[in-house]
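Step one of this worksheet: look at the structure below.
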Amino acid sequence: QKEVEQDPGPLSVPEGAIVSLNCTYSNSAFQYFMWYRQYSRKGPELLMYTYSSGNKEDGRFTAQVDKSSKYISLFIRDSQPSDSATYLCAMSVSSSASKIIFGSGTRLSIRP
Amino acid sequence: DTAVSQTPKYLVTQMGNDKSIKCEQNLGHDTMYWYKQDSKKFLKIMFSYNNKELIINETVPNRFSPKSPDKAHLNLHINSLELGDSAVYFCASSQGQKYGYTFGSGTRLTVV
C-alpha cells in the first residue's frame, strides 16, 4: 500500500462547477499537507499549504485536512478552463528539510 | 529570471551511456532535491542535499550519483543508462517545508 493514495482521474467538469479532489494517507505522523498544480510539461507549483487539521481558504481554493480520517481535500469553486492541470497532494512529517511524499496526481479538465 | 533552472530540458540517449543533468537555484534556499516522475505522473524523491550535505538518499541504484558543489547547485550524474531510467527528472529547492518546494521545469530523459 502506498503512503499516499490519490485517484488519478481523469476528472472532467463543466466551467463554473465546484471541483473536489481528495487524497487518503496511511502515515499518522504526517503533519504538513500541500496541494501542487502541474501543467503539462511543467514542474509542479505549490497551490496550498496547511498544517495539521482544519480548513484554509485562498481565493477560489479551499484545502481541508481531517487527520482523524487521514483524508485531505482540495475544493475549487467557479472552476475555469485555466484550472485544467494535474493536481498532486503532498505531505510531510516535519517542517524541516525532510522529504515530501506526493500522491500520484489527479488529472482535471474543465470544459468551456 | 528563472528561480530553479535545469539543463538540459530534453535528453535522448542510448542504453549504456553516461549522462549528467544540472540544476541551479537563485532563491538562496538551503535545501535541494532530485525527484523522478514516471509516466503515470508519480513523483518519487531520489536525493536531498542541505547546504551541500547529503541528507536523503532513497533506494536508488548506485548508477545515480548526485553532486552539490555549493548550496545553489545540485547535479545528477547517471552511469550506464537503462531503458527504465526514462522519466522526467525534477530538481527542487526549499527553505523549510512551510513554503513547500520550488520546482524546476524538468528534464525529460529518454533512453533508447
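Those protein sequences? They're chains S and Y, same order as listed.
Every letter in the first sequence is one number past the one before it in my numbering, and letter 89, counting from 1, is 89.
Add 112 to a position in the second sequence, counting from 1, and you land on the number used in my numbering.
Note that beta-carbon positions come from the ideal geometry of N, C-alpha and C, so glycine has one too.
Note that the structure is predicted; figures quoted are calculated from it, not measured.
Check, Outcome
"Only counting runs of 3 or more residues, tell me where the beta strand (DSSP E) segments fall wholly within the segment 141-210 of chain Y, in order along the chain.", "143-149, 155-162, 165-169, 176-182, 185-190 and 199-206"
"Can you give me the Cβ contacts of Met48(S) inside the same chain, cut-off strictly under 7 Å, excluding the 5 residues immediately before and after it?", "Met34, Trp35, Lys56, Asp58, Phe61, Ala63 and Leu74"
"Can you name the residues of chain S whose CB is closer than 7 Å to the CB of Lys153(Y)?", "Thr86, Ser104 and Gly105"
"Return the bridge partner residues of Val65(S) from the DSSP annotation.", "Gly54(S) and Ile72(S)"
"Thinking C-alpha only, which one of Ser104(S), Lys99(S) and Pro81(S) is nearest Val118(S)?", "Outside the shown range of chain S, which is 1 to 112, sits residue 118(S), and nothing can be said about it."
"For the pair the segment 76-90 of chain S and the segment 119-128 of chain Y, tell me if three or more CB-CB distances fall below 8 Å.", "no"
"Using a 10 Å radius around the Cβ and a threshold of 16 neighbouring Cβ atoms, would you call Arg37(S) buried or exposed?", "buried"
"DSSP beta-bridge partners for Lys114(Y)?", "According to the sequence provided, residue 114(Y) is Thr. The question's Lys does not apply to it. Beta-bridge pairing links Thr114(Y) to no other residue."
"Under 7 Å Cβ to Cβ from Gln149(Y), same chain only, skipping five residues before and after it: list those, please.", "Leu155, Ala199, Val200 and Phe202"
"Using a Cβ cut-off of 8 Å, which residues of the segment 183-207 of chain Y contact any Cβ in chain S, in chain order?", "Phe202, Ala204 and Ser206"
"Please report how far the alpha carbon of Asp66(S) lies from the alpha carbon of Ser92(S), in whole angstroms.", "15 Å"
"Using three-state DSSP, classify Ser94(S) as helix, strand or coil.", "coil"
"Here's the rule: buried if 16 or more other CB atoms are within 10 angstroms of the residue's CB, otherwise exposed. What is Pro181(Y)?", "exposed"
"What does a CB cutoff of less than 6 Å around Gly105(S) pick up in its chain, not counting 5 residues either side in sequence?", "Thr86 and Leu88"
"Could one say the Cβ of Gly218(Y) lies closer than 8 Å to chain S's Cβ atoms, at least one of them?", "yes"
"By the DSSP assignment, the beta strand (DSSP E) with Val4(S) in it spans what residues?", "Val4 to Gln6"
"Please state the DSSP three-state secondary structure of Pro14(S).", "strand"
"With a threshold of 7 Å on Cβ separation, who are the neighbours of Glu45(S) within its own chain once the five nearest residues in sequence on each side are excluded?", "Tyr36 and Arg37"
"Check each residue of the segment 6-23 of chain S: if its Cβ is closer than 9 Å to any Cβ of chain Y, include it; give the result in chain order.", "Pro8"
"Given a threshold of 16 other Cβ atoms within 10 Å of its Cβ, counted over all protein chains shown, does Ala90(S) qualify as buried or as exposed?", "buried"
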